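Here's the structure, in structure tokens; my notes come after.
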């Protein structure tokens, strides 16, 4: 009978899904929903009839959450004891709303769970959050055991981890993000004081994403108890160090670790939904360490916790009153730093949890085989997909800019308010646009994804880019198209630039998800640094799922570190910095990243000087990004790759500690008087390089093609000259052109 009800329910949902799109979904989620049909083998059954029966009684599901569950969208549960008992007012409300915003930005629906006047609410609105957050001591801390009394007496309160898991499972929410879970209290061998959170994890199939266990508890016994309860425990990161709430490591190891959101989703999928599903009733605990930027406060907070624990013992505080007392005292003893760290870890867990929820939804709604998301990062060439009849095309995601280049007639720039004589030229640029433009002229047929404003430049911009596939261009009302003014010296060297680039931040992750199907079928994805770190990460995550390599073009020293602000750098195959951007990027993943003020501006005298300066930076960067292409201006190009086992010494110039292979390519000779503008030369280089990679050429040939394109750009006032034609970039044609040039390995 149960199977019959589930089947009918599933068919009903599929019928509704086939006739209309869910209005609740973020745009990229609606696209995802359109593309995939759910099979009964992977669908989680959300019993609408059951919810309707109790909707007007003890349970109330918000319309937003209900619709999301109805359409099998990603939903993330949030507890409310953080609001009722964990933080002072108004920090609690502010944090709760900010956490919900983080979840929404990642394409998921937040569902804060709490109890108001004897009704369990799944998906509290702002007014209800205010009710819970401002009532103070009249509120109950509600675990599984408390529901009968609280509901009968029509009381209000915040749900604990246990209570939130119970309500989440009842309505079909799979992922729950929180701060930290309860555990085995110190001295439990005498008191038997063990949190109901642990037994709930042992009997309720919900995945809890938390910062581990508070250090006020006995973490070692907690992990042992979770093992006894059959709970799968894994840390999120590169090692198994189990976090202790305010500090990233408790000194204890979890049984497993998962490296990213995709692995986490696959673990959950395999347990509950896949072909190898075990149908286990226990939950999963994922421990996420506190971000590194808050580590310095960890020891201070730990000392304060020890003091508060001693006070608890002296004052004989017991039971559910212990945690609020300790949190308040630690807040006082640390001067508020514990609150800041608490907020940071909750936001971080919500970010990770919602990304896991999104990936899990993709798995459930697709036919992709778990464990085969195909990270192609270490492959030097693009791998051929199954379909050979359809030409793969590159995708470029980045900036579109109206460029004004002001070239001085005098070497000296007057900064006293006077007018400097010069020549002003308007063109259309932006790193992403330039690369897409050049790739199109090379015959690669790229799809360009970008944003522009609605202003006096719009129509001219679109007309100028008529040879591009512009269906990825989003016009933004009430916004200005990005504009850049570069001041060049008489020889064409850039002296300074001023840019209005705000519209690029409207390239959102939702917008990128609209083109997921295009990314899936692409040969390579090129992302420039103009777009936001979140958008860069989204492009990388989608590409990784479909085994598509990604190239990051840093664009500017102020934007070069953006992949390191998220997990994006872990999914890049190529990057193409100049010397200054290289310095920024090589320290972007360390505890002491360089700022633009810290850049070391060497005076180089020859190729050896510039190579010697770059090599240590390249050595660090290739540990994160397998292929680093450093553009050196007049000194050419330095191509660095992570050392492969089958490396032959005849193809490389340098080997460093068995970790790096590098090759230097001198620039083609262009007389200074022949250089019209350096703007766009690097973009043309990387475009021709990528076009060579798409055609499966050796990297040597790709660099030569790139240098030839860069030379054509240097001789033109246009960033991408119209003299670039695909027939000039065949290898046979290049060989004849290069026969008169000296291309030597340094």
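Numbering (the numbering used here), first residue to last: 139 to 884. The C-beta atom is built at its ideal place from N, Cα and C for all residues, glycine as well. Model, not experiment: these values are computed from the prediction.
Helix, strand or coil at residue i [DSSP, three-state]
{"i": "residue 640", "result": "helix"}
{"i": "residue 477", "result": "helix"}
{"i": "residue 706", "result": "helix"}
{"i": "residue 223", "result": "helix"}
{"i": "residue 397", "result": "coil"}
{"i": "residue 354", "result": "coil"}
{"i": "residue 569", "result": "helix"}
{"i": "residue 338", "result": "helix"}
{"i": "residue 530", "result": "coil"}
{"i": "residue 806", "result": "coil"}
{"i": "residue 372", "result": "strand"}
{"i": "residue 861", "result": "coil"}
{"i": "residue 678", "result": "helix"}
{"i": "residue 607", "result": "strand"}
{"i": "residue 778", "result": "strand"}
{"i": "residue 633", "result": "strand"}
{"i": "residue 620", "result": "coil"}
{"i": "residue 700", "result": "helix"}
{"i": "residue 598", "result": "helix"}
{"i": "residue 461", "result": "helix"}
{"i": "residue 575", "result": "helix"}
{"i": "residue 413", "result": "Caution applies to residue 413, whose pLDDT of 49 falls short of 50 and renders its modelled position unreliable; the value that the coordinates give is listed next. Residue 413: coil per DSSP, three-state reduction."}
{"i": "residue 391", "result": "strand"}
Under 7 angstroms between C-beta atoms of residue i and residue j
{"i": "residue 313", "j": "residue 443", "result": "no"}
{"i": "residue 350", "j": "residue 384", "result": "no"}
{"i": "residue 311", "j": "residue 267", "result": "no"}
{"i": "residue 280", "j": "residue 253", "result": "yes"}
{"i": "residue 574", "j": "residue 566", "result": "no"}
{"i": "residue 426", "j": "residue 380", "result": "no"}
{"i": "residue 843", "j": "residue 802", "result": "no"}
{"i": "residue 695", "j": "residue 673", "result": "no"}
{"i": "residue 372", "j": "residue 392", "result": "yes"}
{"i": "residue 814", "j": "residue 691", "result": "no"}
{"i": "residue 460", "j": "residue 468", "result": "no"}
{"i": "residue 244", "j": "residue 530", "result": "no"}
Integer-rounded CB distance, given that residue j should sit under 8 angstroms from residue i
{"i": "residue 538", "j": "residue 490", "result": "At roughly 32 angstroms, the Cβ-Cβ gap does not stay under 8 angstroms, so residue 538 and residue 490 are not in contact."}
{"i": "residue 218", "j": "residue 257", "result": "In fact, because the Cβ distance is near 13 angstroms, the residues do not count as touching under 8 angstroms."}
{"i": "residue 278", "j": "residue 295", "result": "3 angstroms"}
{"i": "residue 717", "j": "residue 752", "result": "7 angstroms"}
{"i": "residue 584", "j": "residue 657", "result": "Not confirmed; about 12 angstroms, so no contact."}
{"i": "residue 214", "j": "residue 207", "result": "12 angstroms between Cβ atoms; not a contact."}
{"i": "residue 831", "j": "residue 798", "result": "Not quite, the Cβ-Cβ distance comes to about 20 angstroms (not below 8 angstroms), so this is no contact."}
{"i": "residue 363", "j": "residue 332", "result": "7 angstroms"}
Per-residue burial, residue i [other beta carbons within 10 Å of its own, 16 or more giving buried]
{"i": "residue 628", "result": "exposed"}
{"i": "residue 572", "result": "buried"}
{"i": "residue 173", "result": "A caution first: residue 173 carries a pLDDT of 38, below 50, which makes its placement in the model unreliable, though a value can still be read off. Exposed, by the Cβ-count rule."}
{"i": "residue 290", "result": "exposed"}
{"i": "residue 227", "result": "exposed"}
{"i": "residue 497", "result": "buried"}
{"i": "residue 394", "result": "exposed"}
{"i": "residue 579", "result": "buried"}
{"i": "residue 545", "result": "buried"}
{"i": "residue 870", "result": "exposed"}
{"i": "residue 708", "result": "buried"}
{"i": "residue 764", "result": "buried"}
{"i": "residue 407", "result": "buried"}
{"i": "residue 648", "result": "buried"}
{"i": "residue 81", "result": "What the structure shows of the chain is the stretch from 139 to 884, and residue 81 is not part of that stretch, so it cannot be assessed."}
{"i": "residue 330", "result": "exposed"}
{"i": "residue 287", "result": "exposed"}
{"i": "residue 524", "result": "Note that residue 524 scores a pLDDT of 36, beneath 50, so its modelled location is shaky and nothing firm can be said."}
{"i": "residue 445", "result": "exposed"}
{"i": "residue 548", "result": "exposed"}
Chain D contact for residue i (CB, 7 angstroms cutoff)
{"i": "residue 424", "result": "Structure shown: chain D not included; a single protein chain is present."}
Residue i CB to nearest heavy atom of the ligand ATP below 6 angstroms
{"i": "residue 453", "result": "Although the ligand ATP was asked about, the structure shown includes no ligands whatsoever."}
ask   = Contact between the stretch 803-818 and the stretch 546-562: three or more CB pairs below 8 angstroms?
value = no
request  = Please determine if the stretch 196-205 and the stretch 245-252 are in contact, where contact requires at least 3 C-beta pairs separated by less than 8 angstroms.
outcome  = yes
message = With three or more C-beta pairs closer than 8 angstroms as the rule, is the stretch 819-833 touching the stretch 850-860?
response = yes
query = Between the stretch 607-626 and the stretch 641-648, do at least 3 Cβ pairs fall closer than 8 angstroms?
reply = yes
ask   = If you pair each beta-carbon of the stretch 300-308 with each one of the stretch 360-374, do three or more pairs fall below 8 angstroms?
value = no
query = Do three or more CB pairs link the stretch 660-676 to the stretch 699-717 at distances below 8 angstroms?
reply = yes
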